[in-house]
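Protein chains in written order, with the numbering used here: chain W, 389 to 740; chain P, 389 to 740.
Where is the CB? At the ideal position from N, CA and C, for every residue including glycine.
What follows is a single structure, written as structure tokens, with notes after it.
Protein chains: 2
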Amino acid sequence: VSTPIVIAVDAMGGDHGPSAIVPGVARAAQRLEGGNVRFLLCGDAERISTQLARSKKLSALCEIRHSDLVIASDEKPAQAMRRGKGSSMWNAIEAVKTGDATAVVSSGNTGALMAMSKLILRMAADLERPAIVASWPSVRGSTTVLDVGANVGCSAEMLVDFAIMGEAFHRAVHGVKKPTVGLLNIGSEEQKGHEELREAHRLLREGGLPIAYYGFVEGDDISASTVDVVITDGFTGNVALKTAEGTARYLASEMRLAFTSSLASKIGAMVAQKALKKLKHRLDPNTVNGGPLLGLNGIVVKSHGGANDEGFANAIMVAAHLAQSRFADEIRDNMQQLMTVLAHPTSAGETP
Amino acid sequence: VSTPIVIAVDAMGGDHGPSAIVPGVARAAQRLEGGNVRFLLCGDAERISTQLARSKKLSALCEIRHSDLVIASDEKPAQAMRRGKGSSMWNAIEAVKTGDATAVVSSGNTGALMAMSKLILRMAADLERPAIVASWPSVRGSTTVLDVGANVGCSAEMLVDFAIMGEAFHRAVHGVKKPTVGLLNIGSEEQKGHEELREAHRLLREGGLPIAYYGFVEGDDISASTVDVVITDGFTGNVALKTAEGTARYLASEMRLAFTSSLASKIGAMVAQKALKKLKHRLDPNTVNGGPLLGLNGIVVKSHGGANDEGFANAIMVAAHLAQSRFADEIRDNMQQLMTVLAHPTSAGETP
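Dropping the structure here:
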């Protein structure tokens, strides 16, 4: 029998706490059946037990680690760090540090999760900073975009780090053998964009990394699936992500207006309702839920605060895919290659 | 009788040349009837005359300035500058410089239009750099976003310049008396974002400009109409614009798929076709066409290269609205106030 993979769950995070999270764990457990995956549920033992009582099968896969303390969703990261030790979030992260768990999933306060994870787990390999990943619905399924909010400004090396992390992530989670990678810019010509972007472009093109680097891509390439992985700094990535969400919301409301403006289209809307429901599901944040913080010593997955049980289950699936993959090894190997290139710049084609 | 407003038109630009542009001028002329607006058509006299021959009424409003030379759509700006003197684009811009025209409209090469306009017209008031404006379909009609591509990096002062230009633009073109202005950031808290953003935020909040400054906004606020005018650097603005376009295209294709996946929804699609057409029109680039380059001594409006006659007419309407407004005076007045603040920083609340 193989050693089980243990996923630590912050059972108190998000808008719904254990009442959405434990049913979410149950859904994920069902899908992972036979994969030897177990769960460490961190938080209020009584509330968690009440939820677990519904299923003996699930209870057998779960251990509870009690904590009275919960990090509030609006708490500043600095404050959360000061008073957060022993909270459900802290304990879940710490379980990864001590080896009791391989991955942690939380739908709590993003800033606090980021700060605590960095403090407790520290960065992996020679990676400089963690990045937040978004899985973006796109023509061919899903585009991996990072960073979408952790780092406002990014050096060329950080962007290359993100490319290494994002490529390994896409392979682990979406099963694509050789994901293609693009750098987000405002044109595809070599001379476009920031200095950092051009330098990252050069490193990815000439650094000898075993990555299928495509070159520069533009904003509309994300949903067009031009590449599997799109790399950008956290400021641009966050603006792009929220702009896309806003555009989708705006179009949905315009569509509703269009459909209710005449009797004929009202009938049309009724008939087409099933098709629209399918589309809505495809774009439901719960369906694409599970944004990991990459780059740490351990797998940390952030679920939306408003995620329902299905959403939380999807976040657990992302953590399980990462835990079952060679994700960490691949990043370590590629970082070694990058460090060699950075130490001997001429091998990356720099003029001596 | 008031002095006529003359709009110089680069009749050779874009994918269709005079065969889309002259009919576009005709459409705009019809809408502007009684407004005493005339046109100076720059380009191949024979091709333009052939198009004009269809309408005596239009011919009476137009003058032709012949040129053999056309700037290609894929020409590098530097090359266009070297060999561009006397081209249809050059002549149209020069007409604004000499006073023969008040505004210029071109659907030609954006980079060349920007470079030539800067060279020939120079910056207005104390403005540092021109900005490209996008009119973004949104819940309450249209959100003005700038810069969407002219400037990769922006100082705090440039962002404030853009706020001054964008506010005056939105009033002139959309008739909103006191447009609200927001700075694009990745959170609404004061400590978020780049140093330049925080300094621009301070100047707009405390600089005594007669602008209804709202504060920081996020990507999803653009189509939500949270503010009338959204200010950002050209890199972020360009990525956001293209991401939104990509999202809209992706959703449209998903919708088509949803509607053709079953017989019932096929019927639904047929019945709802009229409603969808209306939506498509609302989002048609031709409907929202007319992105001006703000900040120059004179009005320069860029039309999409692929614009049809309706699209080109809309670009002319933007130029006419700007020409008929107090746009230039308002910018000059606000820039004087800004210069006073920058010269005496304490009046903007800086700690002495």
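- Between W:M469 and W:A503, the CB-CB gap stays under 8 Å.
- Secondary-structure assignment with DSSP links W:R426 through a beta bridge to W:V394.
- Identification of chain W residues near P:I574 by a Cβ-Cβ cut-off of 7 Å yields G537, F623, N626, V627, ordered along the chain.
- Contact between the stretch 708-716 of chain W and the stretch 526-545 of chain W is not established, with fewer than three Cβ pairs separated by less than 8 Å.
- Contacts with chain P (Cβ-Cβ distance below 7 Å) from the stretch 547-581 of chain W involve L572, I574, G581, listed in chain order.
- Chain-order list of chain W residues neighbouring P:Y602: empty, with the shortest C-beta distance near 16 Å, by a criterion of under 7 Å.
- The C-beta of P:G634 comes closer than 8 Å to at least one C-beta of chain W.
- W:T531 carries a strand assignment under DSSP once its states are collapsed to helix, strand and coil.
- Of the residues W:Q439, W:A441, W:C430, W:P465, the one whose Cα lies closest to the Cα of W:N479 is W:C430.
- Around the beta carbon of P:R559, a 10 Å sphere encloses 16 or more other beta carbons of the protein chains shown; the residue is thus reported as buried.
- Contact between the stretch 694-703 of chain W and the stretch 408-422 of chain W is present: three or more C-beta pairs spanning the two stretches fall below 8 Å.
- A straight-line Cα-Cα distance of about 6 Å links W:R510 and W:N685.
- Interface residue (Cβ-Cβ distance to chain W less than 8 Å): P:K630 is classified as such.
- P:D398 and W:A640 have their C-alpha atoms some 38 Å from each other.
- With contacts defined by Cβ atoms closer than 8 Å, P:M477 and P:G496 form a contacting pair.
- Residue environment: P:D514 is assigned as exposed (fewer than 16 neighbouring CB atoms within 10 Å of its CB, all protein chains considered).
- At a cut-off of 8 Å between beta carbons, P:S641 contacts chain W.
- Taking all protein chains in view, the Cβ of W:P680 is crowded by 16 or more other Cβ atoms within 10 Å, so the residue is classified as buried.
- Think of a sphere of 7 Å around the beta carbon of W:E606: the chain P residues whose beta carbon falls inside it are K630, in chain order.
- Not a single CB atom of chain P sits nearer than 8 Å to the CB of W:S461.
- Counting only residues of its own chain and dropping the five nearest sequence neighbours on each side, W:A441 has a CB closer than 8 Å to the CB of S447.
- With respect to W:D462, W:G694 sits apart: the two C-beta atoms are not nearer than 8 Å.
- If you draw a 10 Å sphere on the C-beta of P:R453, you find 16 or more other C-beta atoms in it, and that means buried.
- Residue-level contact check: W:V521 does not touch chain P, since none of the beta carbons of chain P fall below 8 Å from its beta carbon.
- Residue state for P:H454 is assigned as strand, using DSSP reduced to three classes.
- The count of Cβ pairs closer than 8 Å, one atom from the stretch 581-591 of chain W and one from the stretch 515-522 of chain W, stays below three, leaving the stretches out of contact.
- The C-alpha of W:A551 is placed about 11 Å away from the C-alpha of W:Y602.
- In this structure, DSSP gives P:K566 a state outside helix and strand, which the three-state scheme calls coil.
- In this structure, W:E545 is the residue among W:E545, W:I459, W:R528, W:D432 with its C-alpha nearest to the C-alpha of W:A731.
- When 8 Å is used as the limit between beta carbons, P:V527 is near these residues of chain W: Y638, S641, in chain order.
- In the three-state reduction of the DSSP assignment, P:P525 falls in the strand class.
- Taken atom to atom, the span from the alpha-carbon of P:S611 to that of W:G678 is near 26 Å.
- Shown here is that no member of the stretch 413-447 of chain P has a Cβ falling below 7 Å from a Cβ of chain W.
- Interface criterion not met: the Cβ of P:I508 is under 8 Å from no Cβ in chain W.
- By the CB criterion at 8 Å, P:V729 and P:G595 fall inside the cutoff.
- Put simply, of W:R720, W:T531, W:E577, W:F715 the residue whose alpha carbon is nearest the alpha carbon of W:A491 is W:F715.
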